[in-house]
Each structure stands twice: as structure tokens, then as C-alpha cells.
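S.K.: Protein sequences appear in the order of chains A and B. The opening position of the first sequence corresponds to residue 71 in the working numbering, with each subsequent residue numbered one higher. The opening position of the second sequence corresponds to residue 13 in the working numbering, with each subsequent residue numbered one higher.
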Amino acid sequence: VIVAGVLTTSVAAQDASSSAVGAFRSYSSRVVKLEVVERASRTKHSLGTGFFVDDAGRLVTNYHVVSEVLRKPESYELQYVLDGANKAAKVLAVDVIHDLAVVATQERGRQGFTLQAVDPAQGTTLYSLGHPHDLGLTIVEGIYNGLLEHRLYEQLHFSGAINAGMSGGPALLADGQVVGVNVASMGNSLGFLVPIRYAVALLEHLRVDGPTPSKTFRDVITAQVLAHQRETFGNLRSGDVDRIRLGPYSVPGRLAEFLRCWASHEERDHWLYGVQTQHCATEYGIYLDEDLSAGTLSFSHAYYRSRGLDALRFAALIEHELEDSPAGPSRRDSQTEFRCEESNVVSKGPKLRVFLCLRAYRRYRGLYDLVVALATLDRGKEAMVSMMVADGVSHETSRTLSRSFMEAIEWHR
Amino acid sequence: MAPLVFVEVLGRHDRVSHRQAIEVLPCSVGRAYDNDVILDDPFVQAHHACIDRDDDGALTWSDLVSGTRTRIDAKVGASCAIGRTRVRLRTPGFVLEQTSVEPFQDTRFGRLVGSRSMRGLGMAMGVLCVAATMRWDSYGSDVSDWVGPALVMIVVLGLWSSTWALAGRLRSHHGTFGMHFALALAAVGPYVVVDGFVVMVQAIRPSVVVYETLSFLLPTSVFFAEVVGHALIIGAPTLRRAVVIGAGASSALLAGVLVAHFAFEAAFSPGLEIDARLVPLPASVIVAESPDAFLAATERIRARLDADLDPQ
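(1) Give me the chain A residues within the contact set of P303(B), using Cβ-Cβ distance strictly less than 7 Å, ordered along the chain.
(2) Could you compute how far the alpha carbon of R401(A) sits from the alpha carbon of L362(A)?
(3) Report the rounded CA-to-CA distance for D46(B) versus R96(B), giving the unit in angstroms.
(4) With 16 as the cutoff for other CB atoms within 10 Å, does D304(B) come out buried or exposed?
(5) Just to confirm the assignment, what range does the alpha helix (DSSP H) spanning I266(A) have?
(6) Could you tell me which chain A residues have their CB closer than 7 Å to the CB of D322(B), listed as they occur along the chain?
(7) I'd like the ranges of any beta strand (DSSP E) spanning at least 3 consecutive residues and lying wholly in the stretch 73–161 of chain A.
(8) Identify which residue in M256(A), Y223(A) and Y197(A) has its Cα closest to the Cα of A234(A).
(9) Can you tell which of F425(A), L272(A) and G419(A) has the C-alpha that lies nearest to the C-alpha of E393(A)?
(10) Figure out for me which residue from R330(A), K103(A) and F287(A) has the closest Cα to the Cα of V219(A).
(11) How many Å lie between P143(A) and A158(A) at the Cα?
(12) In terms of residues, what are the limits of the beta strand (DSSP E) holding L471(A)?
(13) I232(A) lies in the beta strand (DSSP E); which residues open and close that run?
(14) F328(A) to L387(A), Cα distance in whole Å?
(15) So which residues of chain B does H371(A) contact, with C-beta pairs closer than 8 Å?
(16) With a cut-off of 8 Å, does the C-beta of T194(A) fall near any C-beta of chain B?
(17) Which residues does DSSP pair with G42(B) in a beta bridge?
(18) Closer than 7 Å by beta-carbon distance: list the chain A residues that pair up with F306(B), in chain order.
(19) Mark L205(A) as exposed unless 16 or more other C-beta atoms lie within 10 angstroms of its C-beta, in which case mark it buried.
(20) My guess is that L437(A) and S464(A) are in contact by the Cβ rule of under 8 Å, so how many angstroms apart are they, rounded?
(21) Measure the alpha-carbon distance for A288(B) versus C410(A) and round it to whole angstroms.
(22) Identify whether G212(A) lies in helix, strand or coil by the three-state DSSP scheme.
(23) By the 10 Å Cβ neighbour count, where 16 or more other Cβ atoms means buried, how is V161(A) classified, buried or exposed?
(24) So, with DSSP's three-state summary, where would you put I291(A)?
(25) Once you ignore the five residues that flank T208(A) on each side, which residues in its own chain have a CB closer than 8 Å to its CB?
(26) Cα-Cα, which of N132(A), S98(A) and Y223(A) is closest to F303(A)?
(27) Helix, strand or coil: how does DSSP classify H220(A) here?
(28) Determine the chain B residues that contact R469(A) at a beta-carbon separation under 8 Å, and present them in chain order.
(29) Could you work out which residues of chain B lie near A364(A), taking near to mean beta carbons separated by less than 9 Å?
(30) Taking 6 Å as the limit between beta carbons, can you name the residues of its chain near E452(A), skipping five residues before and five after?
(31) Below 9 Å between beta carbons is the criterion; list the residues of the stretch 285–302 of chain A that meet it against any residue of chain B, in chain order.
(32) Could you confirm whether any beta carbon from chain A is found closer than 8 Å to the beta carbon of R24(B)?
(33) If I measure Cβ to Cβ from V415(A) and keep anything under 7 Å in the same chain, skipping five residues before and after, which residues do I get?
(34) Along chain A, in chain order, which residues have C-beta atoms closer than 8 Å to that of R316(B)?
(35) Rounded C-beta distance between Y150(A) and E138(A)? I'm assuming under 8 Å.
(36) Among residues of its own chain, excluding the 5 on either side of S89(A), which ones have a beta-carbon nearer than 6 Å to its beta-carbon?
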């Protein structure tokens with residue numbers, strides 16, 4: 071039985087490898103390396119992969135592969151490498167939400183992949199092509215595992231080794247149909263792909279509207295982020311979701327499908343108080359550039375209960391906890407410093423001490439980081455300290471989020 | 013030969029910096045070394061004055077520069093100015109009055125703290141403050157949780173005392189220093205008592221929450237306020253405005269005392285404004301606005317951020 075098993079495995083491995091050989095032989099010429107080159111030193115800054123999608127020489131790749139060229143066109147230029155030669159390329163259009171870009175090359179008449187939306191069965195073998203760590207064109211075999219859940223935007227789960235440098239490369243079926251675009255990895259063969267239908271939509275958009283003028287890319291990116299935000303954050307409804315009890319307070323649980331929540335409870339013997347926390351966050355944001363991302367949302371609720379502290383000491387503890395900012399330091403080139411306002415606020419629930427802070431993005435006008443920190447003021451020896459951080463949101467969204475956050479805390483007498 | 017008169021050269025606060033017995037009259041006073049009394053004062057003439065007796069036997073002071081002649085009552089110890097120096101004449105029969113006040117021994121913390129009772133009171137306050145800080149500034153029952161705040165408190169006490177001593181020295185004005193110290197004690201004493209009372213009230217009425225925008229809750233902060241406040245006022249002559257921020261019943265008292273204290277300072281520092289901001293406290297009386305009203309703040313923030321983005 072053992073021998074038979076080994077034989078079966080080796081035959082299957084042979085089949086797989088022969089498919090990989092076939093796929094590489096047939097489609098490797100449609101995949102190129104993309105390099106972002108520093109203009110002064112003529113040396114590459116970063117690299118990725120792209121693949122031809124028509125005979126006009128247009129490539130599809132990831133937005134994050136070309137983002138530095140759009141951010142600092144005076145310092146960087148985009149090149150593709152074909153047959154050992156570097157040639158200039160130009161970004162025509164981007165879809166920053168799904169991390170896609172279309173790039174023009176001089177390779178007219180070259181055969182490309184024909185893109186159409188496909189929906190393979192879970193378990194289907196896929197082949198991912200790309201340039202991992204600049205080691206040359208590589209083919210990786212993996213399994214298609216369907217659409218990922220709990221994401222801010224759609225991504226496919228690919229169980230195969232995607233590595234840095236393969237970003238923007240195609241993941242295809244043995245017959246050459248492209249299923250997705252390599253975009254990210256969590257290591258241990260946990261890879262993520264952008265569904266190819268978004269690339270199809272971007273090409274269609276490009277056909278109808280024409281290329282985006284280079285000077286307006288920032289505005290286009292900002293507009294895409296804002297439109298996506300209206301869709302995702304506009305639908306947050308704290309009333310519709312299950313509520314979680316934390317002491318005498320009640321807070322909404324998972325506000326949206328794209329949030330992941332975790333909880334903890336700490337009450338050490340030598341502490342004169344106990345704290346129970348619930349923390350929810352998006353796993354990935356929308357990549358804007360090396361410094362910034364947008365669309366990430368996280369919030370936490372910590373319920374403090376005194377086990378021996380009097381009201382004064384307890385108030386001092388809560389004040390201390392409220393002073394800890396959950397947001398990282400500002401990147402001066404990309405953001406302003408935080409500007410804050412504070413007040414006592416009352417809505418349906420208990421009276422709250424609220425701090426509201428915003429910092430603006432310098433390059434993407436109209437996007438802000440938001441921090442809301444609040445503490446309940448109704449009890450002497452129990453309090454809820456809640457924090458919310460949202461990255462890259464509009465002014466309107468920051469108001470909507472702040473309002474729902476302030477109104478989210480209810481109490482049971 | 014017995015001295016006829018004593019010439020005393022006076023320093024700051026009329027203390028005698030030099031005393032010379034005169035056995036022969038007339039006696040000349042001036043900058044030149046052929047005088048009987050030589051003064052190290054560039055504003056004094058080479059031969060400036062002459063001390064003598066008149067026909068009645070009274071002492072006279074003749075100013076050789078102005079040509080005036082004055083009779084001196086040496087028993088009263090009258091003094092006269094010469095250049096930038098003050099000179100006093102005394103007769104040998106003069107006796108300094110005795111005082112019942114013991115001379116202070118420890119000058120490091122000034123005259124007032126030098127007295128035994130004040131030192132005792134100061135130490136008691138210090139111990140009380142350390143104990144209060146240990147109790148209020150830590151959130152655990154572990155001894156290690158208390159060591160940090162207690163050390164900080166001790167350092168603060170040291171800083172506070174030395175700042176006071178320095179301030180007193182700088183001003184060389186013992187009355188002012190004593191008043192300062194009395195005011196500081198007045199600030200801390202009732203504060204500790206009232207805070208204890210507030211704790212008791214809150215134990216009975218747990219719905220009352222003391223909430224502070226700055227940690228003026230703790231005795232430590234009183235000392236910090238004292239030290240920083242005085243350092244600013246003494247060290248920054250251009251300071252125009254001192255703001256005391258606090259909230260709550262206890263802080264109201266503290267802020268009130270501090271305001272009174274700084275107002276006292278302001279009397280010595282013309283142009284200084286004192287501004288106290290208090291937030292009313294128990295939850296039932298906390299002034300709270302609606303979320304909509306508060307969210308108008310985002311407009312103000314946005315305006316400030318726009319200014320940050322496009323500085324004009």
C-alpha cells in the first residue's frame with residue numbers, strides 16, 4: 071500500500087511539473103520585469119512584474135509597483151526589461167483600491183493575455199509568474215482557494231509562494247486564462263491575488279476615458295479613495311449589529327464584515343483594578359505610497375473597574391489611560407501634525423469626555439487621519455475608555471465615524 | 013589714647029562693612045591714601061570730607077566739595093552719603109540694643125524655615141505629601157508601584173525647597189520670602205484637607221467623578237505649580253500671562269489659592285496677568301454639549317490644518 075501511495079504521489083508530481091513546464095514555456099514571453107529607476111544614478115529603486123494584455127503593448131501590474139513614479143516623477147522613472155534591455159514605460163491608469171495599474175510600453179504587436187472574468191472551482195491549480203527578489207522569471211504552482219472574507223476590498227486566496235518582486239505578475243490556469251494578479255503575501259504559502267475582473271474593468275475604463283494625465287494622478291487617487299469610502303463607511307450602522315456587554319455599558323460588536331475583532335480580560339492580583347477590552351480592526355488598508363495608506367479603521371473599548379481604588383485614584387487612572395494616543399507619529403513630509411479639540415459630550419448614553427484629533431495628508435488633499443478618544447464620566451469606580459483610529463478618511467467620513475462612535479456607547483443602569 | 017569717634021562704612025541693608033576708630037581730630041575722609049579714613053569708591057573725591065568738632069564740642073561733617081558743614085548727632089548714629097558710600101559716625105558710649113530673637117542657625121532654607129517649629133511643620137507637610145502621593149499616584153497595591161512616585165515626590169520637595177531658598181536669596185528680602193512660604197503652606201494645607209474630604213464624599217456618593225484636564229489633583233502638582241510658576245516669574249521677566257488650569261472642588265480651591273498667590277507675585281511683576289480656568293465637576297453638573305455641537309469642532313480643526321498645509 072505504501073509503495074502504491076508513493077507511486078501515485080510521484081505520478082501526480084510529474085503531471086503537475088509537466089503542466090508548469092508547459093505553462094512557463096507558453097506564457098513566459100508575455101511577462102516582463104518592471105523597474106522603478108532613480109533618475110540621477112540610473113539604479114533601480116524597486117521592482118515588480120507586469121504582463122501584456124493586448125497587442126498594443128499595454129501591461130497590467132500593481133499600483134504599488136509604480137506608485138513611487140507617480141509620487142516623485144522628478145526622481146524616478148518606470149522601465150520594463152525585455153530581452154536584457156531596459157526601455158521606458160508610462161503609467162496610463164490606476165485603480166488604487168484594488169492595487170492595479172495599466173502601463174504603456176513600446177512593444178506593439180506582441181501577443182498578450184486575453185482577459186475575461188473567470189471563476190474557477192476551489193482547489194484548481196494555478197500558476198503564478200513573476201520575478202521574486204530579482205532572481206529571474208519564476209513560475210510558482212499553487213491552489214486557488216476562492217474569495218477572501220472580511221476584506222475592505224475583494225481579494226483571492228492563493229495557496230502558493232508569492233514573494234517580493236512577483237507583485238503585478240499573473241496567476242493563471244494551465245490553459246492560459248488569467249485568474250488574478252499577484253498582490254500580497256503573508257508568508258507560509260499564503261498568497262493574495264486581485265480578481266482579474268477589476269483589471270478588465272480598468273482596461274475598459276481606459277478605453278472609454280483615455281489615459282489619465284500624469285499631473286492629475288493624485289486627484290484621481292484621492293477621488294477613488296473617497297468614492298470607495300462612501301460605499302464602505304456610509305453603510306456602517308451601529309444599531310443593526312449585535313451588542314457586547316462590558317460591565318454596565320454596551321458597545322456594538324463587529325460594525326462591518328471587513329473588521330476583525332479580538333478580546334482580552336486582565337485582572338492581576340496586585341492591581342487595584344481590572345480591565346476588559348475588545349479591539350476591532352481592518353487587516354489591510356489601501357496602499358497609497360511608501361508612507362501612507364487609507365481606509366484602515368480600528369477601535370477599542372476598555373472597561374475599567376476599580377477593585378480598591380477610590381474615586382480620585384480611579385479618575386487619575388482613567389485620565390492617564392486616555393492620554394495614550396493610539397496613532398503613530400506623523401511623517402512630516404506626508405502629513406501635518408495632529409490638531410485636536412476636546413469637550414464633554416452627551417448623547418443617548420452617559421456623559422463623555424471626548425478628544426477628537428485630525429491630521430491632513432499633504433499630497434492627497436481632502437484625506438485625513440482621525441483619532442477619537444473618549445471616557446465615560448457617569449460613575450466613580452467604573453469607566454469605559456474607547457479609542458478609534460481611521461486612516462485616510464474624508465472630512466465628511468470623519469464626522470460620520472466620530473458621531474457613530476460617540477453614540478455607540480450605551481449603558482444599563 | 014582713647015578713641016574719640018568711630019567711622020562705620022555701611023554695606024547693603026545698612027550692615028557695617030568696615031569700622032575704624034578715630035583717636036585724633038580733625039580727621040580727613042577721601043579716596044587718597046594720605047587720608048585718615050580711605051574709601052574705595054571711585055565716586056568719592058581724593059580729599060572729600062573732614063570730621064571735626066565745632067566750638068561747642070559737637071561733631072561736624074564738612075563736605076570739602078560743596079563747602080557745607082553739618083553737625084552730627086553721633087548718639088543717634090546719623091549717616092551721610094559720600095559718593096556711593098554711606099558713612100555713619102558713632103561715639104564710644106554707644107551700645108547696640110539686645111534682641112530676644114535667637115539667631116537662626118540653618119540659613120540654607122532661609123530664616124523662616126530655620127526656626128524649629130517651621131522646620132517641623134515643613135517636614136510634617138513633606139511626609140504628608142509623600143504619603144498622599146503614594147496613595148493617589150499609583151494604581152496598584154504592589155510596593156514597587158509606589159517607589160517611583162515617592163522618589164519623584166522627594167525630588168520635587170527638594171527642588172521646591174531649594175527654589176524657594178534661591179528665590180529668597182535672589183530677592184534678599186526676608187519679609188517677602190516669609191510671605192511666600194506662608195502662602196505656599198496655605199495652599200497645601202487646606203488642599204490636602206479638602207482633598208481628603210472629597211475622597212470621603214466620593215466614597216459615599218460614587219456617582220461623583222472628579223475629572224481633571226491637567227493633573228492638579230495631586231499634592232505633587234501643587235509643588236510643581238509652585239516651582240514652575242516661580243521659576244517662570246523670576247526667570248522670565250517678559251512673561252505676560254500665567255494660566256492656572258484645574259477642575260473640581262479640590263482644584264477650585266487649589267486654583268483659588270494659587271491665583272491669590274500668583275496675584276501676590278503679580279504685584280511685584282507689573283504687567284503680569286493671572287488667568288484661572290476651572291471646569292465644574294460632579295457628573296451631574298458637568299456641562300456637556302451634543303455630539304452635533306461638538307462635531308462643529310472638526311470645522312475648526314480643518315481650518316487649522318488648512319493653515320498648516322498652506323502656511324502664508
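For glycine and all other residues, C-beta sits at the position ideal for the given N, C-alpha and C. Please read all numbers here as calculations on a predicted model, not as lab measurements.
M.R.: Quick answer:
(1) Those within 7 Å of P303(B) in chain A are V415, S417, R473, M476 and E477.
(2) So the alpha carbons of these two residues sit roughly 9 Å apart.
(3) Cα to Cα, the separation comes out at about 20 Å.
(4) D304(B) sits exposed, since fewer than 16 C-beta atoms from the chains shown fall within 10 Å of its C-beta.
(5) Under the DSSP assignment, I266(A) falls in the alpha helix (DSSP H) whose first and last residues are I266 to D279.
(6) Here the premise fails: no neighbours, minimum Cβ distance about 10 Å.
(7) Segments of the beta strand (DSSP E) lying fully in the stretch 73–161 of chain A: 101–108, 113–122, 128–131, 146–152 and 155–158.
(8) A234(A) has its Cα closest to that of M256(A), out of M256(A), Y223(A) and Y197(A).
(9) Selection F425(A), L272(A) and G419(A) evaluated against E393(A) yields F425(A) as nearest (Cα-Cα).
(10) Per the sequence presented here, residue 219(A) reads as Glu, with Val not at that position. The shortest C-alpha to C-alpha distance from E219(A) to any of R330(A), K103(A) and F287(A) is the one to R330(A).
(11) Distance between the alpha carbons of P143(A) and A158(A) is about 13 Å.
(12) Where L471(A) is concerned, there is no enclosing beta strand (DSSP E), although the alpha helix (DSSP H) it sits in stretches over H465 to A478.
(13) According to the DSSP assignment, I232(A) belongs to no beta strand (DSSP E), since it is labelled neither H nor E.
(14) Looking at the two C-alpha atoms, the distance is approximately 33 Å.
(15) Using a Cβ-Cβ cut-off of 8 Å, H371(A) is close to nothing in chain B; its nearest Cβ partner there is about 18 Å away.
(16) It does not; no Cβ of chain B falls within 8 Å.
(17) G42(B) is bridged by DSSP to I50(B).
(18) Using a Cβ-Cβ cut-off of 7 Å, F306(B) is close to S413, V415 and V424 of chain A, given in chain order.
(19) Sixteen is the threshold: since fewer than 16 other Cβ atoms of the shown chains lie within 10 Å of the Cβ of L205(A), the residue is exposed.
(20) Under the criterion of beta carbons closer than 8 Å, L437(A) and S464(A) qualify as touching, at roughly 7 Å.
(21) The predicted position of A288(B) is uncertain, since its pLDDT is 41 and thus under 50; a value taken from the coordinates is nonetheless stated next. Rounded to whole angstroms, the gap between the alpha carbons of A288(B) and C410(A) is 21 Å.
(22) G212(A) falls in the strand class under three-state DSSP.
(23) By the neighbour-count rule (16 or more Cβ atoms within 10 Å), V161(A) is buried.
(24) In this structure, I291(A) counts as helix in the three-state DSSP scheme.
(25) The beta carbon of T208(A) sits closer than 8 Å to those of L199, G200, H201, P202 and M236, all from its chain and outside the five residues before and after it, given in chain order.
(26) Residue Y223(A) is the option with its Cα nearest to F303(A).
(27) DSSP places H220(A) outside both helix and strand once states are collapsed to three, so it counts as coil.
(28) Near R469(A) (Cβ distances below 8 Å), the residues of chain B are L307 and T310.
(29) By Cβ distance, chain B contributes nothing, its closest Cβ being about 16 Å from A364(A), past 9 Å.
(30) Non-local C-beta neighbours of E452(A) in its own chain, meaning closer than 6 Å and more than five positions away in sequence, comprise G317 and R375, ordered along the chain.
(31) From the stretch 285–302 of chain A, no residue has a Cβ closer than 9 Å to chain B.
(32) False, the Cβ-Cβ gap to chain A never drops below 8 Å.
(33) Here V415(A) has L422, V424 and M476 as same chain residues with Cβ atoms under 7 Å from its own Cβ, once five neighbours each way along the sequence are excluded.
(34) Residues of chain A whose Cβ lies closer than 8 Å to the Cβ of R316(B) are, in chain order, R409.
(35) Actually they do not touch by this definition, with Cβ atoms about 15 Å apart.
(36) Contacts found: A244.
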